[in-house]
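Student: In my numbering, the protein residues as written are 2 to 107.
Cβ atoms here follow ideal geometry from the backbone N, Cα and C, with glycine treated the same way.
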């Protein structure tokens, strides 16, 4: 084989390798794009979960305040001083709610 034919063969082989490598690189880039999109989705889901947990905690706190106010109103409407039993219910509800949801506080 003469040198020109060898150079042509080498160029063709290089060209084929480049084409294969280019295809593989494009496949890897597509996979990388999918991974990036998937991780973005995971971060969005995590953000939604955290937001939901915060809203749940805020709702529980508001509910606790509401229950305490209802107990106070009941005592006031019946012209009673807030009894020890009524106070205990408020304290128990507050402690239970805040203990149960301590993991949600950030």
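Determine the DSSP secondary structure at residue 48, reduced to helix, strand or coil.
Tutor: To locate residue 48, count along the chain shown from 1; it is residue 47. Looking at residue 48 - three-state DSSP - the assignment turns out to be helix.
Student: How long is the line joining the alpha carbons of residue 43 and residue 49, rounded to whole angstroms?
Tutor: As a position in the chain shown, residue 43 is number 42, starting the count at 1. As a position in the chain shown, residue 49 is number 48, starting the count at 1. Distance between the alpha carbons of residue 43 and residue 49: 10 Å.
Student: Under three-state DSSP, which class holds residue 105?
Tutor: By one-based count along the chain shown, residue 105 stands at place 104. Annotation note: pLDDT 46 at residue 105 (below 50); position unreliable, coordinate value reported separately. Correct three-state label for residue 105: helix.
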